[in-house]
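Numbering (my numbering), first residue to last: 186 to 372.
Reading through the structure tokens given below for one structure.
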Amino acid sequence: MEASVPLDFRRETRWRGLRDQKKEREKYFYFSEPIFQKTRVFFHHIDHSFDWNTIDDLKGLQIGALSGYAYNDEFDLAAKQQIITVQRVETHQQNIGKLILGNRIDLAISTINQGYDVLQRAYPQAKNLITYHPKPLHSPNMHLMLSKKIEKNKDLIVLFNRGLKKLKESGKLEQYFKESQQGEYLP
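See below:
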């Protein structure tokens, strides 16, 4: 479930997941300590020289984004006002495929992990053709989010935070993320 599903729907369910913590959600959900940062970047073809500092630098470029996703207020407003050109698709795989073709879009928004996962799974022959710009578009902390409608979730967050702390202190959490980025958990 992403930004395309109204928050009202989430309030009515026993929804749980990883989300960024926002004030309007705290009324309905318990949040863990931060687990990781979900860093969204612009992927691009290595033959396309690309640098950016502000939204204005994105003018004139074709940007691939996912339908129903909100990225950050400045980007979303610029897209809505058609200051920048954004093509929406349903999957990261579609955007990465368009980048590989080299002439459909100039940039694709994805998290680093998702982008490389798509490359490893769907386009392994082209993984050296695609790179990303290091400046993040958005990089929120991600938390486990559990509904307050279920009373035991308050205790589960406490237990989760204890385990998370142990994983962080032991270095295991970082190790697991690195192994994941290297494709070690692919089926």
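Quick reminder that beta carbons are idealized off the backbone N, C-alpha and C, glycines included.
Selection from the options that minimises the alpha carbon distance to residue i
i: H230; options: K363, E259, I294 and F260; result: I294
i: Q305; options: D232, Q367, D236 and F227; result: Q367
i: D236; options: R210, I269, H318 and G245; result: H318
i: L341; options: I269, K353, E211 and F216; result: F216
Distance, residue j Cα to residue i Cα
i: L243; j: I315; result: 18 angstroms
i: N350; j: G356; result: Before going on, a small fix: residue 350 reads as Lys here, not Asn. So the alpha carbons of these two residues sit roughly 10 angstroms apart.
i: M186; j: T296; result: Because M186 sits at a pLDDT of 33, beneath the cut-off of 50, its placement in the model cannot be relied upon, and the point is left open.
i: V343; j: S324; result: 25 angstroms
i: I137; j: R273; result: Any property of residue 137 remains undetermined from this structure, which presents the chain solely from 186 to 372.
i: D388; j: K334; result: Here the chain has residues from 186 to 372 only, and residue 388 is not among them.
i: V226; j: L322; result: 5 angstroms
i: Q247; j: K353; result: 39 angstroms
Same chain, Cβ closer than 8 angstroms to residue i, neighbours up to 5 away in sequence not counted
i: N313; result: I231
i: N238; result: K320
DSSP-derived helix/strand/coil call for residue i
i: L331; result: strand
i: N238; result: coil
i: Y361; result: helix
i: G282; result: helix
i: S217; result: coil
i: Q310; result: helix
Same chain, Cβ closer than 6 angstroms to residue i, neighbours up to 5 away in sequence not counted
i: A264; result: V271
i: R210; result: none
Would you say the segment 269–280 touches the segment 297–317, given that touching needs at least three Cβ pairs under 8 angstroms? yes
Assess, as a yes-or-no matter, whether the segment 253–266 is touched by the segment 352–371 under the definition of 3 or more beta carbon pairs within less than 8 angstroms. The segment 253–266 and the segment 352–371 do not touch, with fewer than three beta-carbon pairs separated by less than 8 angstroms.
Does the segment 325–339 touch the segment 210–220, meaning 3 or more C-beta pairs lie closer than 8 angstroms? Counting Cβ pairs under 8 angstroms, three or more are found: they touch.
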